[in-house]
Amino acid sequence: MTDILYYLLAAPALTAIAAGLTKSQRFQEMANLVGASVTLVLGAIVTYAVVTTGPQSAAGSFLYADALSALLILVVSLIGFACAMYSIGYMRHEVHEDHFPAARLRLYYVLFHAFVFTMLLVAVSNNLGIMWISIEGTTLASAFLVGFYRQETSLEAAWKYLIIGSVGITLALFGTILVYFSAVHVLGPASGALEWTTLIQIAGQLDPLVLKIAFVFVLIGYGTKAGLAPMHTWLPDAHSQAPTPVSAMLSAVLLNCALYGILRFHAIVSPTLGSFSNTLLILFGLVSLGIAVPFVLIAKDYKRLLAYSSVEHVGIIALAIGIGTPLALFGGLLHIFNHAIAKSLMFFVAGNLNAKYGTRRIDAIRGALLALPATGIILLAGFLAITGSPPFSVFVSEFTILNAGFASGHYVAVTLYLLFLLLIFAGFLMSMSRMAFGKPPEGMPRREVSPWNTAAMVFLLAFVVVMGVYLPAFFVDLLHQAGAVIAVVK
Amino acid sequence: MTTPLQTDILTGLTALVLIMTFIMVSHKSLTPTIRTYAYQSILLSILAFLVGLFTGEHQIWIIAVVTLVLKGFAIPKLLNYIIDRLKIRRERESPLGIPTSLLACGLLVLLAYAATSRLPQAETSLGRASLGVSLSVVLIGVFIMATRRKAVTQTIGLLVMENGMFLAALSLTYGMPLIVELGVAFDVLVAAIVLGILLFNINQTFDTIDTRQMERLAE
């Protein structure tokens, strides 16, 4: 079992190489699907190993996976698999419609799996410096995916994404250097001074003032990449301009990678700073929720609507982590998973609408239920899910966070949270019902875009539905252990 | 650790790094800005070399060489190649004039010193003064990115930020662990290449690299 982390990293790396070696589109698609499946299986095995036998490490102390890493690995590999499946149908359609030449598909599959590789590396890096490098790597791997269509709008989005993301990440590096500095103070220039496993043990002895400044830099820095308001300005552009499967990866997974970075630092500074980082997280969480509201209410483009909804959900997760009781942590971590599933499902729906109607304008779409029978139904289910309506999975985590907030006396925060959620529900209701009901345009055939797309959506829908009523004991264990990682010594 | 003379040499070089950043802000055209960036990187490399020499931490020399090759030569060459191919020479439009920009950067330096003055003294020979300088360089990098409109200049702003970061790591702890420093250097190189390719794509599509043209994505 000791080599499992190597295999986990090797799977997407080899897939990217395999897809790059051939010009045959069929082979690229096959490599993509097989590679993503293998990555998913390995991700599941790592998660299982962590939950049953404790943290895994490899290469000395270079690679390390505890329950918090395992949660991220699970999300990356699961959503990665669904997006890989969806990519086949969607990208074929885009080539067919002449949105880009078929020869560029190879680049797509190479970058897609390189992107997955960098995100998995974020999850298994023990060294916070290597984690920083991997997070920067995710930006570099995905920048071309955002600008993939090479139109004015997509290149603009890619440029903004790269520049704003890089500025953010550089600030996070400053925070990382400061933490290293404070650790060297305690340990001397030992090699382990930047490693999570070392840092968390000496967390209580670090200099409080240095840690305060460090956490602010890390929160602003990684927060930019996580889409926390007010540093989220690049996000709606990038997430709406990328090809749809990439949008899903960005919204559902990449944001969590950056959040993961914040969580690690949160755990390191908490023993010395008490609730300093909690307060900041609650504040940024509420601002993100609040900023999303007006944009959701007036949205004209459904992919931008979903992108703003990601800002909202990142805010919810930050709020939950900020509240910080075991119940809130459980809810927040569960929300990471639930949001990832529901959001990629909604992006898949959006991709099908875009492929069918050829527009991203909400007011130009009518009668999705009739024109796209399966997508239309999933559109309604997904809308209810993403806005946190029972009986779907997101409701469970949002309700848990609500309970935890009330139980711990954060009345103002929780009241605002509830208010924002209601407003966002109203915004979604207006847009989604307009698109789902009514009559489709004359002469539009009643047909799904591609069986690959439908399969990917049904796969995710199963999670949304089942996890609304039932959480496997294994998964509950995973979340409790991951919560314990964040709340180490308090 | 180091003798007072050695410390003075290091502090003097650190001050030069800051002065170079100001020179970059004062340039209007791109070629001298890129040249100054190259000089600043070479200076950082010398600084790293001296720190290694004075303290006996010889692993810093590897970083010094990588910095010299990558940031002193390779990246400036890449940037020059880009502006040659895209035929951009001058950066005319800065919403603030040069004097105002310099004044603003002076204020940023004060801010940086205020923010770092209360931190505990580092045990390294570069010490606290250079931490103030490095944060200043980072902030001025952000300033360049925010006020200049040409995509190439924004790239330079990013690279200046990264140089400030390098100085911060050097002055606080004699640099981060070797593997991390190498990884960061690699990321900087890849970022410069990615930005370069993106610039070519943008140039082909927009016929300009003025980022003010990029305002289609408004709500």
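Chains as they are written, first to last, in our numbering: chain D, 1 to 490; chain Z, 1001 to 1219.
Note that beta-carbon positions come from the ideal geometry of N, C-alpha and C, so glycine has one too.
Remember, it's a predicted structure, so these values are computed and weren't measured experimentally.
Within chain Z, partners of residue i - CB distance below 9 Å
i, result
"residue 127 (chain D)", "1177, 1179 and 1180"
"residue 180 (chain D)", "1169, 1172, 1173, 1176, 1177 and 1180"
"residue 211 (chain D)", "Residues of chain Z passing the Cβ test: none, with the nearest at roughly 11 Å."
Below-7 Å beta-carbon distance, residue i vs any chain Z residue
i, result
"residue 442 (chain D)", "no"
"residue 377 (chain D)", "no"
"residue 163 (chain D)", "yes"
"residue 317 (chain D)", "no"
"residue 106 (chain D)", "no"
"residue 571 (chain D)", "Limits of chain D in this structure are 1 at one end and 490 at the other, which puts residue 571 (chain D) out of reach."
"residue 490 (chain D)", "Interpretation of residue 490 (chain D) is limited by its pLDDT of 46, a score under 50 that renders its predicted location unreliable; the figure taken from the coordinates is listed afterwards. Not one chain Z Cβ lies under 7 Å of residue 490 (chain D)."
"residue 143 (chain D)", "yes"
"residue 446 (chain D)", "no"
"residue 423 (chain D)", "no"
"residue 133 (chain D)", "yes"
"residue 369 (chain D)", "no"
"residue 150 (chain D)", "yes"
"residue 111 (chain D)", "no"
"residue 280 (chain D)", "no"
Contact set between residue i and chain D, taken where Cβ atoms lie within less than 7 Å
i, result
"residue 1169 (chain Z)", "177"
"residue 1191 (chain Z)", "140 and 166"
"residue 1142 (chain Z)", "167"
7 Å Cβ cutoff, residue i in contact with chain D
i, result
"residue 1194 (chain Z)", "yes"
"residue 1003 (chain Z)", "no"
"residue 1024 (chain Z)", "no"
"residue 1017 (chain Z)", "no"
"residue 1187 (chain Z)", "yes"
"residue 1154 (chain Z)", "yes"
"residue 1014 (chain Z)", "no"
6 Å CB neighbourhood of residue i in its chain, flanking five on each side removed
i, result
"residue 110 (chain D)", "16, 19 and 20"
"residue 95 (chain D)", "102"
"residue 258 (chain D)", "222, 225 and 226"
"residue 1219 (chain Z)", "Low per-residue confidence applies at residue 1219 (chain Z): pLDDT is 49, beneath 50, and the placement is therefore not dependable, though the value from the model is reported in the following sentence. None."
"residue 390 (chain D)", "none"
"residue 1058 (chain Z)", "1052"
"residue 481 (chain D)", "67"
"residue 463 (chain D)", "341"
7 Å Cβ cut-off: residues of chain Z touching residue i
i, result
"residue 491 (chain D)", "Absent from the structure is residue 491 (chain D), since the part of chain D shown begins at 1 and ends at 490."
"residue 194 (chain D)", "1176, 1177 and 1180"
"residue 388 (chain D)", "Under the 7 Å cutoff, chain Z gives no residues; its nearest Cβ is about 24 Å from residue 388 (chain D)."
Proximal residues to residue i (C-beta, below 7 Å), its chain only, five neighbours per side dropped
i, result
"residue 1196 (chain Z)", "1078 and 1082"
"residue 143 (chain D)", "158, 161 and 162"
"residue 1105 (chain Z)", "1022, 1025, 1140 and 1143"
"residue 394 (chain D)", "338, 339, 342, 385, 386 and 388"
"residue 440 (chain D)", "366, 367, 370 and 371"
Residues that residue i contacts on chain D, provided the C-beta gap is smaller than 8 Å
i, result
"residue 1120 (chain Z)", "185, 207, 209 and 210"
"residue 1158 (chain Z)", "163, 166, 167 and 170"
"residue 1151 (chain Z)", "159"
"residue 1161 (chain Z)", "167 and 170"
Proximal residues to residue i (C-beta, below 8 Å), its chain only, five neighbours per side dropped
i, result
"residue 104 (chain D)", "148"
"residue 1044 (chain Z)", "1017, 1067, 1071, 1163, 1166, 1167 and 1170"
Beta-carbon neighbours of residue i, restricted to chain Z and to distances below 8 Å
i, result
"residue 174 (chain D)", "1135, 1138, 1165 and 1168"
"residue 250 (chain D)", "Those do not exist, as residue 250 (chain D) stays about 15 Å from chain Z at its closest Cβ, beyond 8 Å."
Cβ of residue i within 7 Å of any chain B Cβ
i, result
"residue 330 (chain D)", "Considering every chain present, this structure includes no chain B. Its protein chains are D and Z."
Interface residues of chain D facing residue i [CB-CB closer than 9 Å]
i, result
"residue 1184 (chain Z)", "129, 132, 133, 136 and 173"
Any non-hydrogen atom of the ligand SAH within 6 Å of residue i CB
i, result
"residue 1082 (chain Z)", "For the structure depicted, the ligand SAH is absent and the ligand set is empty, with no information on it obtainable."
Counting beta carbon pairs with one atom in the segment 257-274 of chain D and one in the segment 217-225 of chain D, are three or more of them shorter than 8 Å?
Yes, the segment 217-225 of chain D is in contact with the segment 257-274 of chain D.
Any contact between the segment 365-383 of chain D and the segment 315-327 of chain D? By contact I mean 3 or more CB pairs, one from each, below 8 Å.
No contact exists between the segment 365-383 of chain D and the segment 315-327 of chain D.
Would the segment 1060-1071 of chain Z count as touching the segment 1177-1187 of chain Z if we require 3 or more Cβ pairs under 8 Å?
In this structure the segment 1060-1071 of chain Z lies against the segment 1177-1187 of chain Z, because at least three pairs of beta carbons, one per stretch, are closer than 8 Å.
Would you call the segment 36-47 of chain D and the segment 73-85 of chain D in contact, with 3 or more CB pairs under 8 Å?
Result yes; three or more Cβ-Cβ pairs closer than 8 Å.
Determine, using beta-carbon pairs with one atom in the segment 74-89 of chain D and one in the segment 455-468 of chain D, whether at least three such pairs fall under 8 Å.
Three or more Cβ pairs drawn from the segment 74-89 of chain D and the segment 455-468 of chain D lie within less than 8 Å of each other, which places the two stretches in contact.
Any chance the segment 227-240 of chain D sits against the segment 181-197 of chain D, with 3 or more Cβ pairs inside 8 Å?
Cβ pair count under 8 Å is below three, so no.
Could you name the residues of the segment 1039-1061 of chain Z whose beta carbon sits closer than 7 Å to any beta carbon of chain D, in the order they occur along the chain?
Those residues of the segment 1039-1061 of chain Z that come within reach of chain D (Cβ to Cβ, closer than 7 Å) do not exist; the list is empty.
With contact counted as at least three CB pairs below 8 Å, one residue from each stretch, are the segment 168-183 of chain D and the segment 130-140 of chain D in contact?
Cβ pair count under 8 Å is three or more, so yes.
Stretch pair the segment 1012-1022 of chain Z + the segment 1129-1141 of chain Z: three plus CB contacts closer than 8 Å
Between the segment 1012-1022 of chain Z and the segment 1129-1141 of chain Z, the count of Cβ pairs shorter than 8 Å is three or higher; the stretches touch.
Can you pull out the residues from the segment 1196-1207 of chain Z whose beta carbon lies closer than 7 Å to at least one beta carbon of chain D?
Those would be 1198, 1201, 1202, 1205 and 1206, in chain order.
Would you check if the segment 349-361 of chain D and the segment 273-284 of chain D touch, i.e. whether three or more CB-CB distances between them fall below 8 Å?
Cβ pair count under 8 Å is below three, so no.
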